[in-house]
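Numbering (the working numbering), first residue to last: 10 to 346. Beta carbons are placed, not taken as given, at the ideal position from N, Cα and C, and that holds for glycine. First the structure, in the form of C-alpha coordinates, and then the observations on it.
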(Lines of atoms letter the chains of each structure in order from A and count residues from 1; the text may use other names and numbers.)
(Lines give C-alpha, C1' and ligand atoms only; values in the text may rest on other atoms or scores of the structure.)
Protein backbone atom coordinates (compact mmCIF):
# COMPACT_ATOMS: atom_id res chain seq x y z
CA UNK A 1 0.00 0.00 0.00
CA UNK A 2 1.24 3.46 -0.90
CA UNK A 3 0.00 6.84 0.20
CA UNK A 4 0.95 9.93 -1.76
CA UNK A 5 1.05 12.96 0.52
CA UNK A 6 2.38 15.47 -2.00
CA UNK A 7 1.44 15.44 -5.68
CA UNK A 8 4.05 18.02 -6.80
CA UNK A 9 7.16 16.23 -8.05
CA UNK A 10 5.34 12.94 -7.28
CA UNK A 11 6.85 12.62 -3.82
CA UNK A 12 5.27 9.56 -2.24
CA UNK A 13 5.99 7.84 1.05
CA UNK A 14 5.81 4.07 1.21
CA UNK A 15 3.60 2.56 3.87
CA UNK A 16 4.75 -0.97 3.19
CA UNK A 17 5.11 -2.67 6.55
CA UNK A 18 8.47 -1.96 8.11
CA UNK A 19 10.14 -0.20 5.18
CA UNK A 20 9.37 3.38 6.16
CA UNK A 21 10.17 2.82 9.84
CA UNK A 22 13.42 1.05 9.01
CA UNK A 23 14.58 3.94 6.85
CA UNK A 24 13.87 6.39 9.68
CA UNK A 25 15.81 4.34 12.20
CA UNK A 26 18.79 4.23 9.88
CA UNK A 27 18.84 7.91 8.96
CA UNK A 28 17.18 9.99 11.68
CA UNK A 29 17.88 10.23 15.40
CA UNK A 30 14.92 11.42 17.46
CA UNK A 31 15.72 13.87 20.27
CA UNK A 32 16.20 12.35 23.72
CA UNK A 33 13.29 14.02 25.49
CA UNK A 34 12.44 13.15 29.08
CA UNK A 35 9.28 11.42 27.85
CA UNK A 36 11.21 9.29 25.37
CA UNK A 37 13.85 8.46 27.98
CA UNK A 38 11.21 7.39 30.51
CA UNK A 39 9.39 5.19 28.01
CA UNK A 40 12.61 3.55 26.87
CA UNK A 41 13.76 2.97 30.47
CA UNK A 42 10.83 0.68 31.24
CA UNK A 43 9.73 2.83 34.19
CA UNK A 44 6.00 3.45 34.48
CA UNK A 45 5.49 6.83 32.84
CA UNK A 46 3.01 9.54 33.82
CA UNK A 47 1.82 12.33 31.57
CA UNK A 48 -0.91 14.83 32.34
CA UNK A 49 -2.98 17.33 30.47
CA UNK A 50 -3.14 21.09 30.84
CA UNK A 51 -6.12 22.64 29.11
CA UNK A 52 -5.39 25.79 27.09
CA UNK A 53 -7.43 28.81 28.20
CA UNK A 54 -10.44 29.99 26.22
CA UNK A 55 -8.70 33.29 25.67
CA UNK A 56 -5.27 34.88 25.85
CA UNK A 57 -4.27 34.47 29.52
CA UNK A 58 -0.75 33.04 29.24
CA UNK A 59 -0.22 33.28 33.01
CA UNK A 60 -3.02 30.75 33.45
CA UNK A 61 -1.05 28.20 31.40
CA UNK A 62 2.02 28.68 33.58
CA UNK A 63 -0.04 28.43 36.78
CA UNK A 64 -1.67 25.17 35.67
CA UNK A 65 1.71 23.81 34.62
CA UNK A 66 3.33 24.59 37.97
CA UNK A 67 0.46 22.81 39.72
CA UNK A 68 1.13 19.48 37.96
CA UNK A 69 4.72 19.52 36.68
CA UNK A 70 6.27 17.66 39.63
CA UNK A 71 3.77 14.83 39.14
CA UNK A 72 4.19 14.33 35.38
CA UNK A 73 7.05 13.35 33.11
CA UNK A 74 5.53 15.47 30.34
CA UNK A 75 2.50 17.71 29.96
CA UNK A 76 0.11 17.33 27.04
CA UNK A 77 -1.41 20.44 25.45
CA UNK A 78 -4.69 19.85 23.63
CA UNK A 79 -5.61 21.40 20.29
CA UNK A 80 -9.10 22.94 20.15
CA UNK A 81 -10.82 19.88 21.62
CA UNK A 82 -14.43 19.37 20.46
CA UNK A 83 -13.92 22.17 17.96
CA UNK A 84 -13.96 24.85 20.67
CA UNK A 85 -11.30 27.53 20.00
CA UNK A 86 -8.67 27.95 22.69
CA UNK A 87 -5.15 29.36 22.86
CA UNK A 88 -3.00 27.57 20.29
CA UNK A 89 -1.27 24.38 21.36
CA UNK A 90 2.07 25.76 20.15
CA UNK A 91 1.82 28.91 22.26
CA UNK A 92 0.75 26.91 25.31
CA UNK A 93 3.56 24.40 24.82
CA UNK A 94 6.01 27.31 24.78
CA UNK A 95 4.59 28.61 28.08
CA UNK A 96 4.84 25.09 29.56
CA UNK A 97 8.58 25.17 28.80
CA UNK A 98 8.83 28.59 30.45
CA UNK A 99 7.21 27.10 33.56
CA UNK A 100 9.89 24.41 33.73
CA UNK A 101 8.13 21.38 32.25
CA UNK A 102 8.31 19.32 29.06
CA UNK A 103 5.33 19.68 26.71
CA UNK A 104 3.65 17.30 24.30
CA UNK A 105 2.07 19.47 21.61
CA UNK A 106 -1.05 18.12 19.94
CA UNK A 107 -1.67 18.78 16.25
CA UNK A 108 -5.09 18.09 14.73
CA UNK A 109 -5.70 17.24 11.09
CA UNK A 110 -9.13 18.86 11.29
CA UNK A 111 -7.80 22.43 11.14
CA UNK A 112 -4.62 22.15 9.05
CA UNK A 113 -3.53 21.50 5.50
CA UNK A 114 -0.03 20.23 4.73
CA UNK A 115 1.36 23.76 4.37
CA UNK A 116 0.30 24.72 7.88
CA UNK A 117 1.52 21.40 9.27
CA UNK A 118 4.98 22.09 7.82
CA UNK A 119 5.04 25.69 8.98
CA UNK A 120 3.96 24.91 12.54
CA UNK A 121 6.40 22.01 12.86
CA UNK A 122 9.24 24.38 11.95
CA UNK A 123 7.96 26.90 14.47
CA UNK A 124 7.47 24.31 17.20
CA UNK A 125 11.03 23.07 16.86
CA UNK A 126 12.39 26.62 16.92
CA UNK A 127 10.52 27.21 20.21
CA UNK A 128 12.08 24.14 21.82
CA UNK A 129 9.10 21.79 21.48
CA UNK A 130 10.23 18.22 20.82
CA UNK A 131 7.23 15.95 21.55
CA UNK A 132 4.42 16.08 18.98
CA UNK A 133 1.16 14.10 19.18
CA UNK A 134 -0.93 13.85 16.02
CA UNK A 135 -4.71 13.51 16.32
CA UNK A 136 -7.54 13.45 13.80
CA UNK A 137 -9.63 16.01 15.67
CA UNK A 138 -13.26 16.01 16.81
CA UNK A 139 -16.01 16.92 14.35
CA UNK A 140 -16.91 20.61 14.51
CA UNK A 141 -20.57 19.70 15.07
CA UNK A 142 -19.54 18.81 18.64
CA UNK A 143 -18.31 22.32 19.38
CA UNK A 144 -19.26 25.97 19.47
CA UNK A 145 -18.66 26.56 15.73
CA UNK A 146 -20.64 23.80 13.95
CA UNK A 147 -20.57 25.78 10.69
CA UNK A 148 -16.74 25.75 10.59
CA UNK A 149 -15.22 24.03 7.58
CA UNK A 150 -12.97 21.08 8.41
CA UNK A 151 -9.73 20.60 6.45
CA UNK A 152 -8.47 17.00 6.73
CA UNK A 153 -5.94 17.51 3.94
CA UNK A 154 -3.89 14.80 5.65
CA UNK A 155 -5.09 12.13 8.02
CA UNK A 156 -3.09 11.39 11.17
CA UNK A 157 -1.04 8.69 9.46
CA UNK A 158 -0.08 11.03 6.63
CA UNK A 159 0.71 13.81 9.12
CA UNK A 160 3.14 11.44 10.82
CA UNK A 161 4.68 10.71 7.43
CA UNK A 162 5.07 14.41 6.78
CA UNK A 163 6.84 15.03 10.10
CA UNK A 164 9.09 12.03 9.59
CA UNK A 165 9.94 13.24 6.10
CA UNK A 166 10.92 16.68 7.41
CA UNK A 167 13.23 14.97 9.90
CA UNK A 168 15.22 13.66 6.94
CA UNK A 169 16.20 17.25 6.10
CA UNK A 170 13.96 17.96 3.11
CA UNK A 171 10.45 19.30 2.66
CA UNK A 172 7.72 17.59 0.65
CA UNK A 173 8.88 19.35 -2.49
CA UNK A 174 12.34 17.85 -2.05
CA UNK A 175 13.97 21.14 -1.07
CA UNK A 176 16.73 21.14 1.55
CA UNK A 177 15.69 22.62 4.89
CA UNK A 178 17.46 25.47 6.66
CA UNK A 179 17.66 23.66 9.97
CA UNK A 180 16.28 20.16 10.49
CA UNK A 181 13.37 19.72 12.94
CA UNK A 182 13.78 16.54 15.00
CA UNK A 183 10.82 15.28 17.02
CA UNK A 184 9.65 12.48 19.29
CA UNK A 185 6.41 11.63 17.48
CA UNK A 186 3.23 10.23 18.99
CA UNK A 187 -0.24 9.15 17.94
CA UNK A 188 -3.47 7.86 19.45
CA UNK A 189 -5.69 4.80 19.34
CA UNK A 190 -9.08 3.94 20.79
CA UNK A 191 -9.44 0.58 22.57
CA UNK A 192 -13.16 1.27 22.94
CA UNK A 193 -13.69 1.13 19.17
CA UNK A 194 -14.68 -1.78 16.98
CA UNK A 195 -13.51 -3.74 15.15
CA UNK A 196 -10.34 -4.57 17.03
CA UNK A 197 -8.57 -5.60 13.84
CA UNK A 198 -8.97 -2.14 12.31
CA UNK A 199 -7.53 -0.44 15.40
CA UNK A 200 -4.53 -2.78 15.42
CA UNK A 201 -3.99 -2.14 11.69
CA UNK A 202 -4.03 1.63 12.28
CA UNK A 203 -1.57 1.36 15.18
CA UNK A 204 0.79 -0.60 12.94
CA UNK A 205 0.49 1.95 10.13
CA UNK A 206 1.10 4.84 12.52
CA UNK A 207 4.13 3.07 13.95
CA UNK A 208 5.52 2.54 10.46
CA UNK A 209 4.88 6.22 9.68
CA UNK A 210 7.07 7.29 12.60
CA UNK A 211 4.98 7.16 15.79
CA UNK A 212 7.14 6.17 18.77
CA UNK A 213 4.48 6.39 21.47
CA UNK A 214 0.71 6.13 21.69
CA UNK A 215 -1.94 7.58 23.96
CA UNK A 216 -5.30 5.84 24.24
CA UNK A 217 -8.77 7.28 24.54
CA UNK A 218 -10.08 7.34 28.12
CA UNK A 219 -10.32 3.87 29.66
CA UNK A 220 -13.10 2.72 31.96
CA UNK A 221 -13.23 -0.93 30.85
CA UNK A 222 -9.77 -2.32 31.63
CA UNK A 223 -10.74 -5.84 30.53
CA UNK A 224 -11.34 -4.49 27.03
CA UNK A 225 -8.00 -2.66 27.09
CA UNK A 226 -6.27 -5.88 28.10
CA UNK A 227 -7.91 -7.67 25.16
CA UNK A 228 -6.64 -4.97 22.79
CA UNK A 229 -3.15 -5.02 24.24
CA UNK A 230 -2.83 -8.74 23.51
CA UNK A 231 -2.89 -7.74 19.83
CA UNK A 232 -0.97 -4.47 20.09
CA UNK A 233 1.90 -5.47 22.39
CA UNK A 234 3.59 -7.59 19.66
CA UNK A 235 3.92 -4.41 17.56
CA UNK A 236 6.53 -3.15 20.03
CA UNK A 237 5.01 0.30 20.59
CA UNK A 238 4.98 2.35 23.80
CA UNK A 239 1.45 2.87 25.14
CA UNK A 240 0.09 5.38 27.66
CA UNK A 241 -3.42 4.48 28.85
CA UNK A 242 -5.81 7.42 29.04
CA UNK A 243 -7.59 8.19 32.31
CA UNK A 244 -10.24 10.89 32.80
CA UNK A 245 -11.33 11.54 36.41
CA UNK A 246 -15.09 12.12 36.51
CA UNK A 247 -16.47 15.10 38.41
CA UNK A 248 -19.94 13.61 38.68
CA UNK A 249 -22.76 11.67 36.98
CA UNK A 250 -23.66 14.60 34.71
CA UNK A 251 -20.14 14.60 33.25
CA UNK A 252 -20.25 10.82 32.80
CA UNK A 253 -23.57 10.94 30.93
CA UNK A 254 -22.39 13.85 28.77
CA UNK A 255 -19.25 11.96 27.76
CA UNK A 256 -21.24 8.84 26.92
CA UNK A 257 -23.64 10.83 24.75
CA UNK A 258 -21.40 13.44 23.17
CA UNK A 259 -17.77 12.30 23.15
CA UNK A 260 -17.01 9.74 20.41
CA UNK A 261 -15.16 6.62 21.48
CA UNK A 262 -15.84 6.75 25.23
CA UNK A 263 -17.86 4.13 27.10
CA UNK A 264 -18.71 4.59 30.77
CA UNK A 265 -20.66 1.75 32.35
CA UNK A 266 -23.99 2.16 34.14
CA UNK A 267 -22.24 0.81 37.23
CA UNK A 268 -19.84 3.77 37.31
CA UNK A 269 -22.63 6.28 36.63
CA UNK A 270 -24.69 4.76 39.45
CA UNK A 271 -21.72 4.98 41.83
CA UNK A 272 -21.41 8.68 41.13
CA UNK A 273 -25.16 9.24 41.50
CA UNK A 274 -25.22 7.39 44.84
CA UNK A 275 -22.21 9.18 46.30
CA UNK A 276 -23.08 11.51 49.13
CA UNK A 277 -26.60 10.15 49.54
CA UNK A 278 -28.38 12.21 52.19
CA UNK A 279 -25.82 15.01 51.96
CA UNK A 280 -26.34 18.50 50.57
CA UNK A 281 -24.36 21.40 49.18
CA UNK A 282 -20.59 21.37 49.39
CA UNK A 283 -20.58 18.20 51.47
CA UNK A 284 -22.36 16.25 48.72
CA UNK A 285 -20.22 17.84 46.02
CA UNK A 286 -17.07 16.73 47.84
CA UNK A 287 -18.42 13.18 48.25
CA UNK A 288 -19.18 12.93 44.52
CA UNK A 289 -15.76 14.32 43.70
CA UNK A 290 -14.10 11.76 45.99
CA UNK A 291 -16.01 8.96 44.25
CA UNK A 292 -14.80 10.20 40.86
CA UNK A 293 -11.23 10.14 42.15
CA UNK A 294 -11.80 6.63 43.52
CA UNK A 295 -13.02 5.37 40.12
CA UNK A 296 -9.98 6.88 38.38
CA UNK A 297 -7.62 5.44 40.99
CA UNK A 298 -9.10 1.95 40.59
CA UNK A 299 -8.63 2.25 36.83
CA UNK A 300 -5.00 3.33 37.21
CA UNK A 301 -4.19 0.47 39.55
CA UNK A 302 -5.72 -2.07 37.15
CA UNK A 303 -4.00 -0.51 34.14
CA UNK A 304 -0.62 -0.83 35.88
CA UNK A 305 -1.04 -4.61 35.78
CA UNK A 306 -1.76 -4.89 32.04
CA UNK A 307 1.06 -6.29 29.96
CA UNK A 308 2.34 -3.85 27.35
CA UNK A 309 1.12 -0.68 29.07
CA UNK A 310 4.03 1.69 29.68
CA UNK A 311 2.27 4.40 31.63
CA UNK A 312 -0.83 6.55 32.03
CA UNK A 313 -2.02 9.81 30.56
CA UNK A 314 -4.33 11.74 32.91
CA UNK A 315 -6.77 13.94 30.99
CA UNK A 316 -8.01 16.28 33.69
CA UNK A 317 -10.34 18.37 31.48
CA UNK A 318 -10.06 21.53 33.56
CA UNK A 319 -9.56 19.64 36.83
CA UNK A 320 -5.78 19.86 37.02
CA UNK A 321 -5.98 19.63 40.83
CA UNK A 322 -6.89 15.96 40.46
CA UNK A 323 -3.54 15.06 38.88
CA UNK A 324 -1.32 15.41 41.99
CA UNK A 325 -3.93 13.58 44.06
CA UNK A 326 -4.15 10.63 41.65
CA UNK A 327 -0.40 10.33 41.12
CA UNK A 328 0.31 10.30 44.86
CA UNK A 329 -2.54 7.92 45.71
CA UNK A 330 -1.46 5.43 43.02
CA UNK A 331 2.09 5.23 44.37
CA UNK A 332 3.60 6.95 41.33
CA UNK A 333 5.10 9.88 43.23
CA UNK A 334 7.81 11.07 43.40
CA UNK A 335 8.61 10.88 39.72
CA UNK A 336 12.08 9.75 38.54
CA UNK A 337 14.35 12.60 37.53
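In this structure, residue 247 lies near residue 319, with their beta-carbon atoms less than 8 Å apart. In terms of Cβ geometry, residue 130 and residue 190 form a close pair [threshold 8 Å].
Checking the DSSP bridge columns, you'll see residue 250 partnered with 321. Between residue 197 and residue 223 a beta carbon distance of about 6 Å is seen, short of the 8 Å cut, so the two are scored as contacting. With a beta-carbon spacing of about 12 Å, residue 229 and residue 268 fall beyond the 8 Å limit used to define contacts.
Cβ neighbours of residue 82 within its own chain (closer than 7 Å, five residues either side excluded): 43, 44, 47, 54, 55, 56 and 344.
Within the DSSP secondary-structure output, residue 117 pairs in a beta bridge with 144. For residue 132, the three-state secondary structure derived from DSSP is helix.
DSSP places residue 193 inside the beta strand (DSSP E), whose first and last residues are 193 to 198. For the pair residue 231 and residue 80, the Cα-to-Cα distance works out to about 23 Å. Annotated as proximal: residue 201 and residue 271, with beta-carbon spacing under 8 Å.
Residue 322 is classed as buried because its beta carbon has at least 16 other beta carbons within 10 Å across all chains shown. By alpha-carbon distance to residue 173, the top candidate from 144, 220, 89 and 240 is 220. Setting aside the 5 residues that flank it on each side, residue 301 is surrounded in the same chain by 254, 255 and 256, each with a C-beta closer than 6 Å to its C-beta; the list follows chain order. The alpha-carbon separation between residue 193 and residue 285 amounts to approximately 44 Å. Closest option to residue 342, judged by alpha-carbon separation, among 156, 77, 38 and 218: 77. Of the residues 162, 128, 113 and 167, the one whose Cα lies closest to the Cα of residue 249 is 113. Around residue 251, the same chain offers 224, 225, 226, 227, 228, 322 and 324 as residues with beta carbons nearer than 7 Å, after the five sequence neighbours per side are excluded.
At a Cβ-Cβ threshold of 8 Å, residue 186 and residue 175 count as neighbours. Taking 8 Å as the cut-off, the beta carbon of residue 86 is found closer than this to the beta carbon of residue 59.
Counting only runs of 4 or more residues that sit fully inside the region 43 to 70, the alpha helix (DSSP H) segments are 43 to 50, in chain order. DSSP assignment within the region 191 to 246 yields the following whole alpha helix (DSSP H) runs of 4 residues or more, N-terminal first: 205 to 218 and 231 to 241. The three-state secondary structure of residue 343, taken from DSSP, is coil.
Pairing residue 179 with residue 89, the inter-Cα distance amounts to about 29 Å. Bridge partners of residue 83 according to DSSP: 56. A straight-line Cα-Cα distance of about 43 Å links residue 156 and residue 338. Residue pairing by DSSP places residue 112 opposite 84 in a beta bridge.
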